[in-house]
Amino acid sequence: MDQTWPQRAERLQESLSRYFGPRLRLPWARPLRNWHPAAVTDFKSLNYWWLAHAIEARLDACERDGSRRRLEQAERIFRYVVWRNGRSLFNDYFDDMGWMGIAALRLADLTGSDRYRQAAAALWHHLRDHGWNDAAGGGIAWRKQQLHYKNTPSNGTFVILGTRLYRRTGQAEYLDWSARAFDWLDATLRRPDGFIEDGINRKDDGQIDDWKFSYNQGLYIGACAELAAVGRTELTARAFATERAAFTELAVDGVPDDRGDGGDVPLFKGVWYRYAARLALSAGAGTDDSERVRAHLFAGCDTLWARALHEDDLLAGPDWHKQATGRVPLSAQLAAVIATEACARLTS
1 MDQTWPQRAE
11 RLQESLSRYF
21 GPRLRLPWAR
31 PLRNWHPAAV
41 TDFKSLNYWW
51 LAHAIEARLD
61 ACERDGSRRR
71 LEQAERIFRY
81 VVWRNGRSLF
91 NDYFDDMGWM
101 GIAALRLADL
111 TGSDRYRQAA
121 AALWHHLRDH
131 GWNDAAGGGI
141 AWRKQQLHYK
151 NTPSNGTFVI
161 LGTRLYRRTG
171 QAEYLDWSAR
181 AFDWLDATLR
191 RPDGFIEDGI
201 NRKDDGQIDD
211 WKFSYNQGLY
221 IGACAELAAV
231 GRTELTARAF
241 ATERAAFTEL
251 AVDGVPDDRG
261 DGGDVPLFKG
271 VWYRYAARLA
281 LSAGAGTDDS
291 ERVRAHLFAG
301 CDTLWARALH
311 EDDLLAGPDW
321 HKQATGRVPL
331 SAQLAAVIAT
341 EACARLTS
């Protein structure tokens, strides 16, 4: 059956509810389960950063069609995270809090509620005040128990959130610190060809980890796009160079091929899709660079829909080259939703 990308996106939103939605219709029930099929032990853990992306995925649908239901789903996820996290926004991982801050600011934009804007600002200030130090030359740490270790996820989210807060408030501190973090990231973890490394100084030895993940590329691209929107237009070319290097190094049949164990890794592709699409849209259609990025994104999503998703069983596993088997993490389904929503935006 031929479908448009918006139609595909809506079907995947429904599948997210079908496979991972709550079985109990109670106010305190988990809004999205960690795995399908679920096990009793799954409920012990709060995947804080997965749920930040779940909020954004629901907001993608709200922006696409104005759905009040999707907005309410996003708000419910946010409330659940705060409640489940001991009625607190904060945890030990600075990248987690950066993701949640980005989601909270989008909630503020779509609801008009200052409560979410205050949450986003509080998270950004928490990253700055508790995460920044001079180890490895500067930057935001990965977590509170390892303040010497700096990585792309913590700094990329800090830049994106801070630059967006600057655009909404005009307060210079947001832009000043975001630019400072970006310049550290650009100088420290960007290879000459544009590829973005994961982190430095994990063992307090000044070494860069040889880990190749698509979400690092997406975050750098997103940071460039945000800063370009407030005047640093030279960063657009650097973002396109990173996209080109990353696609060359990571893509298999158009799909970023992240390697690694655990439930987090499948979500990395979703981050790549979100911010690569942001770059293509901000640069405008018609340029060679933007058309190349669009072609890359559609190629990967075409693989997802041709190989991984069965017509009557829209459950996406970690590998987009084949249908899911065994238990599937929420992170994998979120990546498929985010990627398909990105393609829907590119065709709107």
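Residue numbering for the sequence shown follows the working numbering, starting at 1 and increasing by one per position.
Backbone N, C-alpha and C fix where the C-beta goes; we use that ideal spot for every residue, glycine too.
Fair warning: this is a prediction, and the values are worked out from it, not measured in the lab.
Rounded C-alpha distance that separates residue i from residue j
i	j	result
R234	A228	The residue asked about is misnamed: residue 234 is Glu in this sequence, not Arg. Rounded to whole angstroms, E234 to A228 spans 7 angstroms at the Cα level.
D349	H321	Nothing about residue 349 can be read from this structure; the chain reaches only from 1 to 348.
A38	L267	18 angstroms
G262	R232	37 angstroms
W349	L250	No answer is possible for residue 349: it lies beyond the span of the chain, which begins at 1 and ends at 348.
N91	A104	15 angstroms
T347	A277	11 angstroms
M97	G286	36 angstroms
E63	D129	33 angstroms
A108	E197	32 angstroms
A136	Q118	31 angstroms
L304	D134	42 angstroms
M1	E341	Caution is warranted here: a pLDDT of 46 is assigned to M1, below 50, making its placement in the model unreliable, and no coordinate value can be reported.
P31	G21	6 angstroms
Sub-9 angstroms separation of residue i and residue j beta-carbons
i	j	result
T236	L189	no
L89	A141	no
Y215	K144	no
L330	W35	yes
Y19	Q333	yes
R259	V265	yes
L110	L71	yes
D60	I338	yes
L185	G156	yes
G101	A120	yes
Beta-ladder partner(s) of residue i, from DSSP
i	result
Y93	R143
N151	G199
H36	V328
P22	Looking at the DSSP assignment, P22 forms no beta bridge with any residue, so it has no partner.
P256	A251
Simplified DSSP state of residue i, which is helix, strand or coil
i	result
V230	coil
A251	strand
D313	strand
M1	Confidence in M1 is poor, its pLDDT being 46 and thus under 50, which makes the residue's placement unreliable; the coordinate value appears in the next sentence. It is coil, neither helix nor strand.
W132	strand
P31	coil
P318	coil
G87	With the sequence shown as reference, residue 87 is identified as Arg, and Gly is not the correct amino acid for it. R87 falls in the coil class under three-state DSSP.
(message) Give the list of continuous beta strand (DSSP E) stretches no shorter than 3 residues that lie fully inside the region 155-225.
(response) none
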